[in-house]
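Number of protein chains: 4
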Amino acid sequence: MVGMGRIGKIHFKNIQHQLAGAEIVAVADLRYDTALKEIYNGILFSENPDEVITLPEVDAILICTPTSSHAALIEKGIQSGKHIFCEKPMDLSLEKTTTLSEMAKEAGVKLMLGFNRRFDPDFMQANQSVRDGKIGDVQIVKITSRDPGPPPIEYIKHSGGLFMDMAIHDFDMARHIMGKEVAEVYSRGLNIIDHEIRKAGDIDTALTTLVFEDGTYAVIDNSRKAAYGYDQRLEIFGDKGMIKVGNNLHNQNVLFNQDGIHHALPLDFFMDRYAKSYLKEMELFIDALVNDKEMPAGGEDGLKATQIAYAAKMSVETGRPVKLSEVMINSHHAMEKTSD
Amino acid sequence: MVGMGRIGKIHFKNIQHQLAGAEIVAVADLRYDTALKEIYNGILFSENPDEVITLPEVDAILICTPTSSHAALIEKGIQSGKHIFCEKPMDLSLEKTTTLSEMAKEAGVKLMLGFNRRFDPDFMQANQSVRDGKIGDVQIVKITSRDPGPPPIEYIKHSGGLFMDMAIHDFDMARHIMGKEVAEVYSRGLNIIDHEIRKAGDIDTALTTLVFEDGTYAVIDNSRKAAYGYDQRLEIFGDKGMIKVGNNLHNQNVLFNQDGIHHALPLDFFMDRYAKSYLKEMELFIDALVNDKEMPAGGEDGLKATQIAYAAKMSVETGRPVKLSEVMINSHHAMEKTSD
Amino acid sequence: MVGMGRIGKIHFKNIQHQLAGAEIVAVADLRYDTALKEIYNGILFSENPDEVITLPEVDAILICTPTSSHAALIEKGIQSGKHIFCEKPMDLSLEKTTTLSEMAKEAGVKLMLGFNRRFDPDFMQANQSVRDGKIGDVQIVKITSRDPGPPPIEYIKHSGGLFMDMAIHDFDMARHIMGKEVAEVYSRGLNIIDHEIRKAGDIDTALTTLVFEDGTYAVIDNSRKAAYGYDQRLEIFGDKGMIKVGNNLHNQNVLFNQDGIHHALPLDFFMDRYAKSYLKEMELFIDALVNDKEMPAGGEDGLKATQIAYAAKMSVETGRPVKLSEVMINSHHAMEKTSD
Amino acid sequence: MVGMGRIGKIHFKNIQHQLAGAEIVAVADLRYDTALKEIYNGILFSENPDEVITLPEVDAILICTPTSSHAALIEKGIQSGKHIFCEKPMDLSLEKTTTLSEMAKEAGVKLMLGFNRRFDPDFMQANQSVRDGKIGDVQIVKITSRDPGPPPIEYIKHSGGLFMDMAIHDFDMARHIMGKEVAEVYSRGLNIIDHEIRKAGDIDTALTTLVFEDGTYAVIDNSRKAAYGYDQRLEIFGDKGMIKVGNNLHNQNVLFNQDGIHHALPLDFFMDRYAKSYLKEMELFIDALVNDKEMPAGGEDGLKATQIAYAAKMSVETGRPVKLSEVMINSHHAMEKTSD
C-alpha cells in the first residue's frame with residue numbers, strides 16, 4: 005500500500021479484517037499512528053514508496069495517495085511488474101492517462117481504477133438486472149449526482165475541476181450500465197453555489213448529455229451542494245421497463261405529525277454511503293489477482309472516463325456538443341510525448 | 005330520498021349526475037336550498053317523509069337522516085314494499101336492529117347498509133386480491149382507523165359510542181375481508197384525548213381483537229384523534245403474502261430540505277377520502293335493484309357489525325373477552341319485544 | 005362550445021355539473037348523441053360553428069376540435085369579440101401562432117390555452133411551493149414525460165411531431181415553474197419504438213435541454229412508450245432543497261410476496277391522470293372571465309411553447325443547440341404574411 | 005467468552021476488530037476452527053468454561069451458549085465476581101430467572117441481556133424520538149414481528165415456545181418504548197403454519213395485547229413464517245404524532261414493468277438485519293463496564309420479559325387476560341426454592 009490517508013485506511017482494514025486471499029506486506033506513507041505499528045507488527049511501515057513497491061514478496065500495489073503522485077507510482081509499479089489498484093483518476097493529463105493505460109496493457113500488468121460506485125450493492129444489482137434483460141434494451145440512463153457540500157477550496161484548485169473530480173464517477177457509471185462507448189458530449193456548466201469556486205476557475209453545477217455510438221443517450225446532473233445531503237440516484241429506462249436506484253437513508257423511520265410525513269435524509273458522507281462498495285471493489289480486485297481474471301474497471305475504463313471529462317469541459321467552454329474523437333489522443337504519440 | 009344533509013347531498017349528486025339506471029323522484033327534508041328546487045324542478049321536494057316513501061313511482065328509498073329516525077323510516081319502507089338504502093347503523097338498539105334485519109328479509113325487501121368503506125377502490129382491490137388467492141389463506145387482518153379529530157360533543161352523546169359510531173365500519177371491514185363470522189371480541193378502551201368525551205360516558209381510544217369462528221383473528225386500533233389526520237389503513241396477512249392498503253395523501257409531492265424528506269398528509273376529511281366509495285356504493289345499490297342482485301352489504305351485515313359493537317362495549321366494561329353469542333338476541337323474540 | 009369529442013365532453017360535464025359561474029348556451033359539432041339533446045334541452049345543438057360563435061348571448065367560446073381547425077375558429081372568435089379557451093396548440097405553423105397571439109392581444113380578447121398540466125393539483129402545489137421559497141432559487145427543473153403507448157399512426161401524421169404534440173406540455177411546464185424565458189434548446193431525437201413513426205417522419209423518443217436566459221436549465225425526457233404506463237414526473241432542485249412530484253398510482257395497495265414488494269402501476273390514461281386538471285383549468289378560465297383576471301396560460305404562453313418546439317426540432321435536425329431567437333418570427337411581419 | 009457458535013463469532017469479531025475498550029482474553033467452547041487459534045495466538049482457547057470464567061485477568065464474561073446452560077454459567081460468573089453479558093433468555097424457568105436476576109443485583113455484578121433489537125439504529129432512533137417528545141404522550145405501540153420461516157423442529161422443542169423464544173424480544177421492545185410496566189396480558193395463539201410445531205406442543209402464530217399500568221396498551225403480532233421474509237416493524241402512536249419503523253430492504257432498487265412497481269424484499273436473515281444492533285449492544289456493554297454505567301438491558305429487563313412470556317402462554321391456555329401479578333414469583337422465595 006502506498007498512502008494511508010482516509011481512503012487508504014479503509015482498504016487496509018478491509019483487506020486485513022474482512023477479506024480473504026490477500027494480506028498487506030508493506031505500507032508506505034510519510035506519517036503513521038504509532039498504535040498501528042504496534043498492532044500490525046508483521047507489516048513493514050516505510051516512508052519510501054519505492055522500497056514498498058519493489059519488495060519481492062509484493063504481488064500488487066494499492067495507490068491511495070493524492071492524484072498528483074498517481075502517474076509516477078503507476079509507472080514504478082508497471083516497471084516493477086506489480087499489479088496495481090489506483091484511486092481515480094490516473095492523472096489529470098489526458099496524454100499521461102493515455103500513456104499509462106497503454107503501458108499497463110503492453111506490460112501485461114493488471115490495472116484497476118477505483119471506480120467504487122460500480123461496486124455498490126444497489127448499483128451492482130441494477131446493472132445485473134439490465135444484463136438479465138429485466139428492462140429490455142436500454143434507451144436512456146439518468147444519473148443524479150450531488151454532493152452534500154463543496155470540498156475545501158484548496159482541494160478544488162488541484163482537483164482537475166468538477167468533471168474530472170466528481171462527474172468522472174458518473175461518466176464511468178453511464179458507460180458501465182450502457183455497455184457502449186460515448187461518441188459525443190454536450191455539457192452546460194454553472195457557477196451558482198460558491199463564488200470561491202468560480203475564482204478557482206471551476207464550475208459547481210453541470211448538466212451533461214452523453215450520446216452513445218448508436219444514438220441512445222445518458223443525462224447526468226451534478227451539483228456540488230444539495231441542501232438535503234448526498235444525492236446519488238440512477239434511473240435506467242428500457243423498452244420493457246425501468247429501474248430506479250434510490251438514496252440510502254440514515255434510517256427507515258418515518259415521523260407523522262401535523263406538519264407532514266417525514267423521512268430521514270440520505271447518508272451524507274461518501275464513506276458511509278459507499279462503505280460496502282469499497283469492500284466489494286477490493287474483494288473483486290483480489291479475486292481478479294488470485295484467479296487471474298480481467299479487472300472489473302481497468303485502465304481503459306479510466307481513460308474513457310477521462311476523455312469524457314475532457315470533452316465535457318470543452319463543451320462548456322465552446323457551447324456546443326463535442327465529439328469524443330476531438331479529444332482522443334493517439335496513444336503511441338502520447339507515449340512518445342509523455343516519455344520525453 | 006329522506007334526508008338532504010351532508011351525506012344526502014352526496015348521494016343526490018351522484019345519482020343525478022354520475023350514475024345511470026336511477027333517478028330521484030322525490031326528496032323529503034325539513035329545509036331546502038331554494039336554488040335546489042329551481043334547478044331540479046321535476047323533483048318533488050316535500051317536508052313529509054311518508055309522502056315520499058309511499059309515492060307509487062318510488063321503487064327504493066335512501067335514508068340519510070340522523071340515526072334516531074332510521075328504524076321508523078326503515079319500517080315504513082318495508083311496509084310500503086320499497087327497497088332501502090340506509091346509512092349505518094339501522095338503530096342503536098340491538099333488539100331493534102335484529103327485528104329490522106328480520107323484517108326486511110321476511111318482506112323480501114332489499115336492504116343495503118351504507119358501509120361505504122367496502123366500496124373504496126383501494127379496499128375493493130385489496131378484497132379482490134384476497135378472493136383471487138394472491139396471499140393464500142388469510143391469517144390476520146389489521147386495521148388502523150383514526151379520525152383527524154373528535155366530532156362535536158353533542159354528536160358523541162347521541163352516537164351510541166365509539167364502537168357503534170366509528171369502529172362499526174372496521175368491524176364490518178374485518179368480517180368482509182375475512183369472509184367469516186366473529187365468535188369472540190376482546191376490547192380495551194381508553195379516555196385520553198378529550199375529557200368531555202369521558203363526561204359524555206364514551207371512550208375515545210380503543211383496541212379490539214376479533215376472534216373468528218376458526219380461531220384466526222383481526223385487530224383494530226381506533227382513535228378519535230390522530231395529529232397527522234385521517235388514518236385509514238388495512239393490512240391482510242396470509243400464508244402466501246401480505247396486502248397493505250395505505251392512506252390517500254393530499255398530493256404526491258415530496259419536499260427534500262435540510263430537515264428531512266417530507267410528504268403530504270393523508271386526506272383528512274372523510275368525504276374527500278371516501279368520495280369514490282360513496283359513488284361506488286350507490287352504483288352497486290342501483291345495480292342490485294335494476295338487475296335483481298343481492299345487496300353487497302345487507303341487513304344481516306348491519307346486524308353482525310352491531311352485535312360486534314355490543315360485544316366490544318361489554319368487553320371494555322367487564323375486562324374480559326365476550327362471546328358474540330352472549331349479545332345475540334333471538335330474532336323472533338326481538339320482533340315480539342320491539343313490536344310492543 | 006365547438007367540438008364535442010373526448011375532451012369536449014369533459015369540459016361540458018365540468019361546466020354543467022361541477023362548476024359555478026358559467027353555463028353552456030350552445031354547442032357545435034357534426035354529430036351528437038341524441039340522448040344529450042334530450043337531457044340538455046335548453047342548449048342549442050348546432051352543426052355550424054359560426055352560428056354558435058356569433059350568438060349574442062355567448063361570452064366566451066371553447067375550442068375542442070382537432071388542431072387543424074383551431075386557427076380559423078380562434079380568428080372567428082376574436083372577430084366576434086368572444087373570449088376564447090382553446091386546446092393546445094393554436095396552430096402547427098409558428099407564423100400563424102405568432103399572428104393569433106398578437107391578434108388576440110390587440111383585440112383585447114382573453115385567450116387561454118389548454119395547458120392543463122399546469123392545473124394538476126400536484127403540479128400546482130409544487131409550483132406554489134417554489135413561489136413560496138420552499139426550495140430557494142431554482143437551479144434545475146427535470147421532467148420525465150412518457151406516454152403509455154404511441155397514438156394511432158394517423159394521429160401522429162397530423163400531430164406536428166413529438167415536440168409539437170407531446171413535449172409542448174413539458175416545455176410549458178418548465179417555463180411555468182422556472183418563471184423565466186428559454187434562450188437556447190438542445191435536443192436529441194431517436195426512433196426506437198415504432199418503425200411506422202419513423203416512416204411518418206417523426207421521432208418517438210427525445211431528450212431536451214432548455215437553457216434559460218440566466219444560464220440555468222431544464223432537462224426533459226420524452227418517450228412515446230413506457231412499458232409500465234403513463235410516467236409523468238417532475239423534479240425541481242433549488243439551493244435550499246428539492247421538490248419531487250411522483251406519479252398517481254391506480255391504488256395505494258402494496259402486495260408483499262416471495263417475489264418482492266409490489267405497487268400498482270401509474271394511472272395510464274391521460275384523462276384519468278389529469279381529470280382534476282381539466283376541472284381546475286376550466287374553473288380558472290371561468291374565474292378569469294367573471295372576475296376580469298389575466299388568463300393563467302395565455303396566447304403568449306402558447307406562442308413560447310411553440311417556439312421551443314420549433315427550436316427542439318431544428319436542434320435534432322442540425323445536431324447543435326439552437327437559440328430561440330433563431331426561430332422567432334417578427335409578429336407584425338407574421339401578421340402580414342399570414343393575412344395574405 | 006463462553007460459546008463460539010454463530011452469535012459468539014459475531015461478538016468475537018466485533019470486540020476484536022470493530023470496538024475499542026475491551027479485548028478477548030480467553031474463549032471456551034468444545035470445538036474450534038484451528039485457523040482461529042493460529043490467527044489469535046494471544047488468546048486462551050479452552051474447552052472448560054470454568055477455566056475461562058475464573059481467570060483473574062477476566063473482568064467480564066460473554067455467555068453465548070444454548071439456553072439450557074445459561075443459568076449455571078451466570079451463577080458461576082456471579083460467584084466469580086465477573087460482569088456478565090448473556091444472550092436471552094437467562095433461563096426457561098421463571099423461578100430460576102427471578103433468582104438469577106436477584107443474585108446479580110445482590111452481588112453487585114453488572115448483568116446485561118442480549119436484547120439486541122433495542123440497539124438497532126432504527127429502533128434506537130425511534131426510541132430517542134419518543135424520549136425527545138416528538139410524538140407527545142405515547143398511546144399505543146404496535147409491533148409486527150414475523151420470521152421468514154420456522155427454525156428446525158429440534159430447536160423449537162427446546163426453545164421454551166414462541167413467546168419465550170421469539171416474542172420475548174417484542175415484549176422487551178414494548179416495555180422499552182413505553183417506559184412503563186405491563187400489568188396484564190391477553191394472547192391468542194394459533195397453529196396454522198407447520199403441523200410439526202403443533203406436535204411439539206408449540207404455537208406458530210400469536211397476537212398479544214399488553215396492557216400497561218396506566219391502561220395504555222401495545223399490540224404484538226407474531227408469526228413463524230412470512231412468505232416475503234423477515235418482517236420487523238414498529239409503530240408508535242402518540243397524541244402529537246406517530247413514528248413508523250419500516251423494514252430494511254435488500255436494496256433501494258425499484259423495478260417498473262408492465263406488471264407493476266417492484267421493490268426488493270426485506271433482509272431475511274436476522275444476522276444481516278440486526279448486524280448493527282449486535283455491534284452496538286457490545287459497544288454499550290463495554291461502555292457500561294469501562295465507565296461504570298448501568299447496563300442498558302439488565303437482569304430486571306430479562307425477568308420482566310420472561311414474566312410477560314409466561315403470562316402470554318397462560319392467556320392462550322385459559323382464553324382470558326392474565327395479570328402479570330398472577331405469574332410473578334416472590335424472589336426470595338424463588339431463591340430458596342431454586343437453591344435447593
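One line per chain: the protein sequences are A, B, C and D, in this order. Residue 282 in the working numbering sits at position 278 of the first sequence; the count goes up by one each step and never skips. Residue 319 in the working numbering sits at position 315 of the second sequence; the count goes up by one each step and never skips. Residue 301 in the working numbering sits at position 297 of the third sequence; the count goes up by one each step and never skips. Residue 321 in the working numbering sits at position 317 of the fourth sequence; the count goes up by one each step and never skips. Every residue, glycine too, gets a C-beta built ideally from N, C-alpha and C. Since this is a predicted model, take the numbers as computed values, not measurements.
What number of angstroms, rounded off, separates the C-alpha of residue i from the C-alpha of residue j?
i      : j      : result
C/K244 : A/S149 : 16 Å
A/G25  : A/M8   : 21 Å
A/H267 : C/I19  : 40 Å
C/L104 : C/S50  : 26 Å
B/K203 : B/I197 : 12 Å
A/I28  : A/M5   : 7 Å
D/A292 : D/L66  : 14 Å
A/E298 : D/F260 : 33 Å
B/V320 : B/N226 : 14 Å
Where DSSP assigns a beta bridge to residue i, which residues make up the other side?
i      : result
A/F260 : A/I265, D/M246
B/P270 : B/L253
A/G193 : A/A210
D/M116 : D/F89, D/G302
C/S227 : C/R150, C/T209
A/A30  : A/L48
For residue i, I'd like the list of residues in its chain whose CB is within less than 8 Å of its CB, leaving aside the five on either flank, ordered along the chain.
i      : result
C/G346 : Residue 346 of chain C lies beyond the range of chain C shown here (5 to 344); nothing can be said about it.
C/M128 : R122, K284
A/I201 : P154, I157, I160, N195, I207, D208, R228
D/H162 : P70, T71, S72
C/E185 : R179, F216, E217, K308, L328
Among the residues of its own chain, which have a CB less than 6 Å from the CB of residue i, if the five just before and after it don't count?
i      : result
A/D344 : Per-residue confidence for A/D344 stands at a pLDDT of 47, beneath the threshold of 50, marking its modelled position as unreliable; the derived number appears in the next sentence. Correct list: empty, nothing qualifies.
D/G205 : none
D/A111 : I82
D/K41  : F49
B/D174 : I147, S149, I224
What do you reckon, are the CB atoms on residue i and residue j nearer than 8 Å?
i      : j      : result
D/A130 : D/V249 : yes
D/I82  : D/V113 : yes
D/A210 : D/S191 : yes
C/T101 : C/M94  : yes
D/V189 : D/I290 : no
A/R324 : C/R324 : yes
C/S84  : C/T58  : yes
B/A143 : C/D126 : The residue you asked about is not Ala; residue 143 of chain B is Gln in the sequence shown. Result no, Cβ atoms of B/Q143 and C/D126 do not sit closer than 8 Å.
Can you name, in chain order, every residue of its own chain whose Cβ lies under 7 Å from the Cβ of residue i, other than the five neighbours on each side?
i     : result
B/I11 : C68, E91
Give the interface partners of residue i over in chain E, defined as CB-CB distance under 8 Å, in chain order.
i      : result
B/G323 : Although the question refers to chain E, the structure presented lacks it and instead comprises the protein chains A, B, C and D.
Proximal residues, the region 112-136 of chain C versus chain B, C-beta separation under 7 Å: Listed by position, the residues of the region 112-136 of chain C near chain B (Cβ gap below 7 Å) are P125, D126, Q129, A130, S133.
Contact residues within the region 218-232 of chain D, judged by C-beta distance below 9 Å to chain C: Within the region 218-232 of chain D, the qualifying residues are A230, A231, Y232.
Members of the region 191-214 of chain B that neighbour chain D once the beta carbon cut-off is set at 8 Å: Residues passing the 8 Å Cβ filter: R192, L194, I196, I197, T209, L211, T213.
Short-range partners of chain C found in the region 19-48 of chain B, where Cβ spacing is below 8 Å: Listed by position along the chain: H21.
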